[in-house]
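Read in the working numbering, the sequence shown has 306 at position 19, and its numbers run on one by one without any break. Let me begin by presenting the structure, written as structure tokens, before commenting on it.
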Amino acid sequence: MGKKRRPAPRKEKVKKKKKAQRKPILSVGEDGTIVRSNVQCPRCGPGFYMAQHYDRRTCGNCSFTQFLTKDGNVRSRGSRRTRQRRPRRSEQYRR
Ligand SMILES: [Zn+2]
């Protein structure tokens, strides 16, 4: 005789997590002008906005990062992606 199987324990329903409230990227000011909540990327120029994190701002396009220090200053750091890459050997001796 095999062992009597116990019924599987009932799974509790997974509660859906509430999505974090986000600030709107664009909002209309009192005088009817458009107010943007995010800072533009200094590298990519207009049209590229930096994501606001709790301690830093980052650009999604060039991954430029600005760290917000405790005394309110901004420390920026470049990224690998925008650094010029050394040409490969196969590219060096072309032409
Ligand atoms: Zn950028």
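Think of the CB as a built atom: it goes at the ideal place given N, C-alpha and C, for glycine as much as any other residue. All values derive from a computational prediction rather than experimental measurement.
Asked                                                                                        : Found
For Ser377, three-class secondary structure by DSSP                                          : helix
Phe354, enclosing beta strand (DSSP E) - first and last residue                              : 352-355
Backbone secondary structure at Val278 - three-state DSSP                                    : Given that the chain is displayed from residue 288 to residue 382, the structure contains no residue 278 and the question cannot be resolved.
Pairwise C-alpha distance: Asn325 and Lys310                                                 : 9 angstroms
Rounded Cβ spacing between Arg343 and Thr352 (contact assumed at less than 8 angstroms)      : 6 angstroms
Counterpart residues of Tyr336 in DSSP-defined beta bridges                                  : Gln327
Among Arg362, Pro374, Val301, Pro329, the one whose alpha carbon lies nearest that of Cys349 : Pro329
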